[in-house]
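A.B. asks: Numbering (my numbering), first residue to last: 221 to 725.
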């Protein structure tokens, strides 16, 4: 079928198309006769096209067509130029391309006596409108988010980057789903080798279906077994535009509002979009708070287990007596006690996500309070563990990116096991393994800890603290090696003039 050509007979083409779309009730075959008596056949999928555009720009002009084709050697060319008013009309002689066009929500026009068909861009159907992204709420910044429509998503980025250097490379993945995929990048800013590597990895994918961008993420990342994400997913057009301006690429997938951006670094997952919409002093305080609570989310339960089990002498006497009194009637060791509470907390959080919005919030909050209080009163767990687990759960919510937050939540359990087995030495072993893994990790060839390992001075402008915008002159070196300068060097705001007091008259 990939090399099968269309016939010049309309009846043969219709028979072949009906054979391919057997038992497909939503495929419409509409036969027409124009004003000159030529037989025409329109084929489209009901629900995937804009029927008003099809009627206005195709059916009505064809029925009124009485023009002569004497000026044209090609009847198909005459119909395309003089009869159809659709915005985009292309020709094809390939049956496979014609069928693929129908499946992508366009219309096919077959003309009797011609072995060429016309492809009409009248896609539409009911899709979700542009709304505020629910997973990336922002106090200050744009309120628009991506939808499930690929062209709407690329247009939202085009609204922000009005540059002729913005490139979009189309691909089709999935032998059954035939999912449209677009790779977007800024020429003269993105690394050509990285873009070429992305395209090679995407074109090498052989799978029957791509239903979400997560399919692609798992198939093209450098280390699939790593707990850390090597591509960033986002629903915000302003975030994608910012990533493109730094020399990264974006992968759009039809049918999902989540766009993939890469290459990424570890520090990128601790940055929120509103970090660049607020004053840098406030942003730096919030960013330091995120780093602090990242360590709390990863180490707090394990540190409690290690200290209370093996290193009690590290605690002040009053605190040690208080913890010992609280754990006096607990039948489980600190490791089992913390594991029970952590697993219960994660189960409540997962239940809150899956339940309806308002019910889920009540279940997650009230469930944690009720179960924690009941467990303390029943003597199953101690009050300090409830405090530790609650603080750890709150700390994990301060990480802006869900994919990074869930990685930290998952790594918390190995840290607890190491602490329960070897004490603080286990935490040291876990930390060494974690740092070694992060140093080895790559995202499309870019070191995951870029800016720190290897150290890069210009990357410090937006790492642990964000400098004022008028000092962020260069793009990050590990991401973009080309056109690194993005603003003038003399952008510091001038101080206001001092008004000298007038002389007293």
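In this text, a Cβ means the ideal position worked out from N, Cα and C, and glycines have one as well.
Rounded to a whole number of angstroms, what is the C-alpha to C-alpha distance between residue 236 and residue 227?
C.D. replies: 9 angstroms
A.B. asks: Count the other C-beta atoms from every protein chain shown that fall within 10 angstroms of the C-beta of residue 363, then say buried if there are 16 or more, exposed otherwise.
C.D. replies: exposed
A.B. asks: Which of the three DSSP states is assigned to residue 629 in this structure?
C.D. replies: helix
A.B. asks: DSSP three-state call for residue 331: helix, strand or coil?
C.D. replies: strand
A.B. asks: If you measure between the beta carbons of residue 621 and residue 452, is that distance less than 8 angstroms?
C.D. replies: In contact: residue 621 and residue 452 (Cβ atoms closer than 8 angstroms).
A.B. asks: Between 281, 490, 516, which lies nearest to residue 301 when the distance is taken from Cα to Cα?
C.D. replies: 281
A.B. asks: Within its chain, find whatever has a CB closer than 7 angstroms to the CB of residue 659; leave out the 5 residues flanking it on each side and keep chain order.
C.D. replies: 669, 673.
A.B. asks: Using the C-alpha atoms, what's the distance from residue 371 back to residue 359?
C.D. replies: 27 angstroms
A.B. asks: For residue 366 and residue 477, which I take to be in contact (beta-carbon distance under 8 angstroms), what is that distance rounded to the nearest angstrom?
C.D. replies: Their Cβ separation, rounded to whole angstroms, is 4 angstroms, which keeps residue 366 and residue 477 in contact under 8 angstroms.
A.B. asks: Strictly by DSSP, which residues pair up with residue 311?
C.D. replies: Partner(s): 338.
A.B. asks: Taking the DSSP output, what are the residues bridged to residue 471?
C.D. replies: 403, 480
A.B. asks: Work out the CA separation of residue 636 and residue 383 for me, nearest whole Å.
C.D. replies: 50 angstroms
A.B. asks: Using only the alpha-carbon positions, how far apart do residue 309 and residue 397 sit?
C.D. replies: 24 angstroms
A.B. asks: Buried or exposed, going by whether 16 or more other CB atoms sit within 10 Å of the CB of residue 675?
C.D. replies: exposed
A.B. asks: Work out the CA separation of residue 251 and residue 243 for me, nearest whole Å.
C.D. replies: 19 angstroms
A.B. asks: Identify, in the order they occur along the chain, each residue of the same chain with its Cβ nearer than 6 angstroms to the Cβ of residue 405, setting aside the five sequence neighbours on each side.
C.D. replies: 387, 415, 469
A.B. asks: What residues in its chain sit with their C-beta under 7 angstroms from that of residue 641, if we drop five residues either side in the sequence?
C.D. replies: none
A.B. asks: Just the C-alpha distance for residue 506 and residue 326, rounded to the nearest angstrom, thanks.
C.D. replies: 49 angstroms
A.B. asks: Taking C-beta to C-beta, are residue 535 and residue 632 nearer than 8 angstroms?
C.D. replies: no
A.B. asks: Using the C-alpha atoms, what's the distance from residue 276 back to residue 681?
C.D. replies: For the pair residue 681 and residue 276, the Cα-to-Cα distance works out to about 55 angstroms.
A.B. asks: Have a look at 240, 625, 457 and flag the residue whose alpha-carbon is nearest the alpha-carbon of residue 379.
C.D. replies: When only C-alpha atoms are compared, the closest one is 457.
A.B. asks: Considering only residues of the same chain and omitting the five flanking positions on each side of residue 725, which have a CB-CB separation below 8 angstroms?
C.D. replies: With a pLDDT of only 45 at residue 725, under the threshold of 50, the placement of this residue in the model should not be trusted; the figure read from the coordinates follows. Cβ within range, chain order: n/a, list empty.
A.B. asks: Residue 597 by DSSP, collapsed to three states: which one?
C.D. replies: helix
A.B. asks: Around the Cβ of residue 594, are there at least 16 other Cβ atoms within 10 angstroms (buried) or fewer (exposed)?
C.D. replies: exposed
A.B. asks: Below 6 angstroms CB to CB, which residues in the same chain sit around residue 290 once its five sequence neighbours on both sides are set aside?
C.D. replies: Here residue 290 scores only 49 on pLDDT, less than 50, and its place in the model should not be relied on; the value that follows carries that caveat. Answer for residue 290: no residue qualifies.
A.B. asks: Can you tell me whether residue 629 is buried or exposed? The criterion is at least 16 other CB atoms within 10 Å of its CB, across all chains shown.
C.D. replies: That one is buried.
A.B. asks: Does the segment 606–617 come close enough to the segment 480–499 to have 3 or more Cβ pairs within less than 8 angstroms?
C.D. replies: Between the segment 606–617 and the segment 480–499 there are fewer than three C-beta pairs closer than 8 angstroms, too few to call the two in contact.
A.B. asks: Who are the near neighbours of residue 321 in its chain, counting only those whose CB is closer than 7 angstroms to its CB and skipping five residues on each side?
C.D. replies: 328, 339
A.B. asks: Straight-line CA distance for residue 377 to residue 412?
C.D. replies: Their Cα atoms are separated by approximately 21 angstroms.
A.B. asks: Leaving out the 5 sequence neighbours to the left and right, which residues in its chain are closer than 8 angstroms to residue 617 when beta-carbon positions are compared?
C.D. replies: Hits under 8 angstroms: 625.
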